[in-house]
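Note sheet for the following structure.
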Amino acid sequence: MGDLEYSNILLFSGGIDSTALAFSMRPDLALTVDYGQVCADAEILASEQICSTLGVEHEAVEVDCSDFGTGSLSPNEQVEEGPTPEWWPFRNQFLITVAAMKGVQIGADNIVVGTVEGDSDHADGQADFFRSMDEVVYGQEGSLHVRVPAICSTTVELVEQSGVPERILLWSHSCHVSNHPCGECRGCQKHYEVIEQSF
Ligand SMILES: [Zn+2]
């Protein structure tokens, strides 16, 4: 499977990491999943704006899992064993699966995920997890690989290597808890720190 038209699908949240990757790799399709996260509208808006500026095809899909979410990204209470306030069980596994379904539909070769070194607070942000997902996905029909090109880079390194300009990064949405940046959550803090260190 796979054709030249759709080689890479980038899972695109409209945040800093996936925006830097969208800029440097110009994926054939950027896919934003509304899985019921409270900031989905802002992520979709940011993604549409960034993709239209870059000339990258964008698609938003809605697969509502908000009943099963926990923590700051969801409308529900955080469960006690969550490693961070925004942890949502099996989130990355789910997002990769949705992207892989889309990948088979359009004959893509790779699902690209914008996870960076600093996301390893969650098991589903670690290199071992992505190796396992690649095996699970590639082991099925469709010949799809899961790629995580920035897994050994910090966000600041990724931004620098990608060459993404500040004017594009400023469209990105990082807040976990709201469609309007709260200025206080871990997503907002990271956003301001990275912009300050990078430009
Ligand atoms: Zn915030």
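Position one of the sequence shown corresponds to residue 3 (the working numbering), numbered consecutively onward. Note that the Cβ used here is the ideal one computed from N, Cα and C, for glycine as well.
query: Heavy atom of ligand 1 less than 7 angstroms from the Cβ of P77, yes or no?; result: no
query: Closer than 7 angstroms to a non-hydrogen atom of ligand 1 - does that hold for the CB of H178?; result: yes
query: Where A22 and L160 are concerned, what is the direct C-alpha to C-alpha distance, given to the nearest angstrom?; result: 7 angstroms
query: Over the uninterrupted alpha helix (DSSP H) stretch that includes I46, give me the two end residues.; result: A42 to L56
query: Within its chain, find whatever has a CB closer than 6 angstroms to the CB of A48; leave out the 5 residues flanking it on each side and keep chain order.; result: G16, W173, S174 and H175
query: With DSSP as the reference, label H60 as helix, strand or coil.; result: strand
query: What are the boundary residues of the alpha helix (DSSP H) that includes I197?; result: R188 to S200
query: Within the chosen definition, does the region 127–145 reach the region 178–187 through at least 3 CB pairs nearer than 8 angstroms?; result: no
query: From C187 to S74, what distance separates their C-alpha atoms?; result: 9 angstroms
query: Going by beta-carbon coordinates alone, are D36 and I46 separated by less than 8 angstroms?; result: yes
query: For L31, which option in Q163, P91, A110 and F70 has the closest C-alpha, if you only look at C-alpha atoms?; result: A110
query: Going by DSSP, which residues form a beta bridge with D36?; result: E64
query: Report back the beta-carbon spacing between N112 and N10 to the nearest angstrom; my notes put them in contact at under 8 angstroms.; result: 5 angstroms
query: Which residues in the same chain as Q39 place their Cβ atom closer than 6 angstroms to its Cβ, once the five residues preceding and following it in sequence are excluded?; result: L75
query: Using DSSP bridges, identify the partner residues of I11.; result: L31 and I113
query: Taking the C-alpha atoms as reference points, what is the distance between I98 and F201?; result: 32 angstroms
query: Could you give the residue range of the alpha helix (DSSP H) that holds V158?; result: T157 to S164
query: Measuring only the C-alpha atoms, how far is E119 from Q163?; result: 14 angstroms
query: Could you pull out every residue in the same chain whose Cβ sits closer than 6 angstroms to the Cβ of A101, ignoring the five residues on either side in sequence?; result: I11, L13, L33 and I113
query: Using only alpha-carbon positions, find the residue among I170, Q107, V139 and T86 that is nearest to A125.; result: T86
query: For G185, is the beta carbon positioned less than 7 angstroms from some heavy atom of ligand 1?; result: yes
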